[in-house]
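First comes the structure, then the notes that go with it.
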């Protein structure tokens, strides 16, 4: 595979969530990890994010990635900083940092999951909400966790997500305002748009605080139906609210052009969960790869 020449120093990654969904085992639960890895390599991606089907043992994880000549981008980490002590959260996080460091991966896509409704049969209107002083306390505690991770060779990139305490632009703004200047986010186009925000506006606002990028598109008619009927996040996924860049309503040309203009460096990851029986993972991921790689070229 010939390395792609892009206008900026980035690599393209892919998440396994289009092949098999950890939160909805009925979506691709029967698909082996090797199918995902083979497809990712064949399409042309440089690396992959983690999912539950990956080996937990760091040596086994490293071996299977090497077998397919893929880098480990990093991946999701379910945080419980609201309920755990800082000491306990550090202990749990360190285990994952050591596993990823062994594979030369330093990205931790961190999200608070102690009170999330993203996996529950609750309408999105029931999402947890923190008061401003509670966001301040959380951001200060998270900043200490971020510093700990940094000293261990990892970078936490907080993931704003539907159904969680940091879903809206205002919530993310306050989190970054009250946290240390070193903390940053995983910028996710689909989650911002689903939350009623304008992704490009948020990208420009927080460009210097963006440590990792997830790209997904949104089917606007599905989004409107889900919100109007106050359905759950998982119902939204099953209904097809998300799709890959180039198949929805988000303008990725302006997003990629801005990243080029500001010399973003790092990973750009396609992370778009769909029902694999309705949206073939290979076909849609190839579409996304072509769309984004074409925009990234010089």
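Residue numbers (our numbering): 2 to 299.
A virtual CB, placed ideally from N, CA and C, is assigned to each residue, including glycine.
These numbers were taken from a predicted model, which means no experiment stands behind them.
Asked                                                                                                                           : Found
Entirely enclosed alpha helix (DSSP H) segments - the stretch 176–214, minimum 4 residues                                       : 190–195 and 200–206
At least 3 beta-carbon pairs within less than 8 Å: the stretch 163–175 vs the stretch 111–127                                   : yes
Contact the stretch 240–249 vs the stretch 177–185: 3+ CB pairs below 8 Å                                                       : no
Nearest-angstrom beta carbon gap, residue 191 and residue 370 [assumed within contact, 8 Å]                                     : Since the first residue shown for the chain is 2 and the last is 299, residue 370 is missing from the structure and cannot be characterised.
Residue 38 vs residue 69 beta-carbon contact at 7 Å                                                                             : yes
Simplified DSSP assignment, three categories, for residue 142                                                                   : helix
Exposed unless 16 or more other CB atoms sit within 10 angstroms - verdict on residue 270                                       : buried
Rounded distance between the beta-carbons of residue 237 and residue 227, thought under 8 Å                                     : 4 Å
Proximity below 7 Å, CB of residue 94 to CB of residue 76                                                                       : no
Cut-off 6 Å between Cβ atoms - residues of its own chain near residue 120, not counting five sequence neighbours on either side : 24
Residue 295, buried or exposed, once every other Cβ within 10 Å from all chains shown has been counted against 16               : exposed
Exposure of residue 297, with buried meaning 16 or more beta-carbon neighbours within 10 Å                                      : buried
Within 7 Å, strictly: CB atoms of residue 45 and residue 14                                                                     : no
Reduced DSSP category for residue 294 - H, G, I as helix; E, B as strand; rest coil                                             : helix
Runs of beta strand (DSSP E) wholly within the stretch 56–113 (minimum 3 residues, chain order)                                 : 72–80 and 108–113
Chain-order list of residues whose beta-carbon lies under 8 Å from that of residue 9 (same chain, five-residue window excluded) : 260, 261, 264, 265, 266 and 297
Simplified DSSP assignment, three categories, for residue 270                                                                   : strand
Three-state secondary structure (DSSP) of residue 130                                                                           : coil
One or two residues paired with residue 158 in a DSSP bridge                                                                    : 110 and 185
C-beta contact flag for residue 211 and residue 175 at 7 Å                                                                      : no
Cross-strand partners of residue 15 (DSSP beta bridge)                                                                          : 49 and 271
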